[in-house]
Amino acid sequence: MVKLSRPASAGHGLPGRRAILALPALLAAHRAAAQAAFPEAGRTLQLIVPYPPGGGNDIGARALAPLLEQELGIGVVVQNRAGAASQIGMTQVARARPDGYTIGYGLWPQTTTLYLDTARQAGFTRESFTPLALHVVDPGAILVQAGSPLRSLADLVAAARARPDDLRMSDNGQLGHEHLASIRLQRLAGIRFNQIHYQGAGPAVTALLAGQTEAGIFAVGTSASLIRQGAMRAIAVLSREESPFLPGVATAVAQGYDIVAGSTRAFVGPAGLPAPVQARLAQALERAIASPEHADRMRQLSIPITFQGPEGFARYWIDEERTLGPLVAELTREGQRD
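For the sequence shown, the residue numbers in mature numbering (1 follows the signal peptide of the UniProt record, and there is no 0) are -36 to -1, 1 to 302.
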């Protein structure tokens, strides 16, 4: 005779039920442990610079990378992904896996105007990124070749007035801070430049040095060393006060043109970074930026540090977006975006 086993009692079934009920907690604990392990030994962090070598973003990223390596304990590789006024590189950051191993060192307002300008179809918005740290606010300057007859804003305006749509003014990318400052000068002075856009400061500086353009707007940190070497001359600084890195150069405001503009450089990750990963990256960036070694290096490069953490940077970005939205829409309607 075959004996039939009795059904398990409720008491006998408890261990299996408890295991099932405990599964979500175990999975959550596993996820937390995986996040806490960031960064993993042996991994490499990609730091994407969406501009060519030689510009302010590239210089700042490479100055910080070794210190960031020390803070994170993993390798940091700077990768230049230039093109489309930084759109190519920033798109790569936005589409990266949100695991903390790909971050970007972008430029504002350039990043903001890329998606505000609907004609560009950027494919990302502010919500496509996780803010990590604001690093630098570097004021702009209007530069000419060292041997240029233009020695002031008055000279530049007079030359442009005498040659409408002909005087060649360069910038680092369409609707970046340099281009927007040039538009403001043209409006205030009632003039029109032959505006030429380049894919970053490196090519724009090269064009000015080669005489392919007659003037250009660059961040002070990008141009200060060339000015000290006697290759270029600044005729105006685009800040409220004179720059300590360009002593004796009058501001545009002091020369009668209320133009204040600059290059804001900051670190972002893709949207969806886990909070512990965001916090770890933000902490490492803050410590690296605050280090005496970095402060000394940035002084040598004539680049001012203006640090803000994720919350402060997020507020800055939102305010910039609100300010620039109507302006970009107006420029697009008027056909001045080019």
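For each residue, glycine too, the CB sits at the ideal point set by N, CA and C.
If you check the beta carbons only, do residue i and residue j fall under 7 Å apart?
| i | j | result |
| --- | --- | --- |
| residue 223 | residue 156 | no |
| residue 105 | residue 217 | no |
| residue 230 | residue 277 | yes |
| residue 138 | residue 49 | yes |
| residue 9 | residue 38 | yes |
| residue 2 | residue 68 | no |
| residue 171 | residue 227 | no |
| residue 132 | residue 160 | yes |
| residue 35 | residue 248 | yes |
| residue 103 | residue 255 | no |
| residue 215 | residue 203 | yes |
| residue 219 | residue 117 | yes |
| residue 209 | residue 243 | no |
Report the option in the options whose CA atom is closest to the CA atom of residue i.
| i | options | result |
| --- | --- | --- |
| residue 372 | 142, 189, 229 and 191 | Outside the modelled stretch of the chain, which goes from -36 to 302, sits residue 372, for which no answer is possible. |
| residue 15 | 111, 215, 189 and 165 | 165 |
| residue 268 | 26, 220, 20 and 107 | 20 |
| residue 236 | 12, 18, 34 and 96 | 96 |
| residue 99 | 151, 175, 27 and 205 | 27 |
| residue 275 | 177, 265 and 232 | 232 |
| residue 270 | 101, 6, 128 and 140 | 101 |
| residue 272 | 151, 220, 240 and 250 | 250 |
| residue 179 | 146, 210, 207 and 54 | 146 |
| residue 44 | 55, 17, 29 and 70 | 17 |
| residue 308 | 238, 85 and 78 | The structure shown does not extend to residue 308, since the chain is modelled only from -36 through 302, so no value can be given for it. |
| residue 163 | 11, 22 and 4 | 22 |
| residue 136 | 177, 221, 291 and 12 | 177 |
| residue 266 | 291, 211, 290 and 221 | 211 |
CB-CB under 8 Å to residue i, same chain, minus the five flanking residues each way: which ones, in chain order?
| i | result |
| --- | --- |
| residue 285 | 76, 80 and 90 |
| residue 234 | 57, 58, 59, 60, 61, 62, 66, 92, 93 and 94 |
| residue -10 | With a pLDDT of only 49 at residue -10, under the threshold of 50, the placement of this residue in the model should not be trusted, and no figure is reported. |
| residue -8 | Unreliable placement is indicated for residue -8, whose pLDDT of 47 sits below 50; the coordinate value is still reported in the next sentence. Here the set comprises nothing. |
| residue 252 | 28, 31, 32, 34, 35 and 258 |
| residue 175 | 109 |
| residue 205 | 215 |
| residue 151 | none |
| residue 297 | none |
| residue 158 | 129, 130, 131, 132 and 133 |
| residue 4 | 38 |
| residue 173 | 109, 190, 195 and 196 |
Would you call residue i buried or exposed, if buried means 16 or more other Cβ atoms sit within 10 Å of its Cβ?
| i | result |
| --- | --- |
| residue 24 | buried |
| residue 41 | exposed |
| residue 260 | exposed |
| residue 282 | exposed |
| residue 246 | buried |
| residue 293 | exposed |
| residue 83 | exposed |
| residue 113 | exposed |
| residue 193 | exposed |
| residue 6 | exposed |
| residue 129 | exposed |
| residue 73 | buried |
| residue 225 | buried |
| residue 70 | buried |
| residue 55 | buried |
| residue 279 | exposed |
| residue 126 | exposed |
Looking only at its own chain, which residues have a Cβ that is under 6 Å from the Cβ of residue i, when we skip the five neighbours before and after it?
| i | result |
| --- | --- |
| residue 197 | 108 and 110 |
| residue 213 | 198 and 201 |
| residue 262 | 269 |
| residue 190 | 196 |
| residue 140 | 74 |
Near residue i, which residues of its chain fall below 7 Å by C-beta distance, leaving aside the five closest residues on each side in sequence?
| i | result |
| --- | --- |
| residue 121 | 153 and 155 |
| residue 257 | 31 |
| residue 88 | 54, 55, 58 and 79 |
| residue 288 | 73, 76, 77 and 80 |
| residue 290 | none |
Could one say the Cβ of residue i lies closer than 7 Å to chain D's Cβ atoms, at least one of them?
| i | result |
| --- | --- |
| residue 62 | In the structure shown, chain D does not exist; there is a single protein chain. |
Checklist entry - Of all the alpha helix (DSSP H) runs that stay within the bounds of the region 81 to 136, which reach a length of 4 or more residues? => result 117 to 126
Checklist entry - What are the uninterrupted segments assigned as beta strand (DSSP E) that are 3 or more residues long and contained completely in the region 188 to 212, given in chain order? => result 196 to 202
Item to check | Residue ranges of each beta strand (DSSP E) within the region 9 to 96, 3 or longer | outcome: 39 to 44 and 66 to 72
Next on the checklist: So within the region 150 to 175, which uninterrupted beta strand (DSSP E) runs reach at least 3 residues, ignoring any that extend past its ends?
Outcome noted: The qualifying runs are 158 to 161.
Checklist entry - Where in the region 247 to 274 do unbroken runs of the beta strand (DSSP E), each at least 3 residues long, occur, reported from the N-terminal end onward? => result 269 to 272
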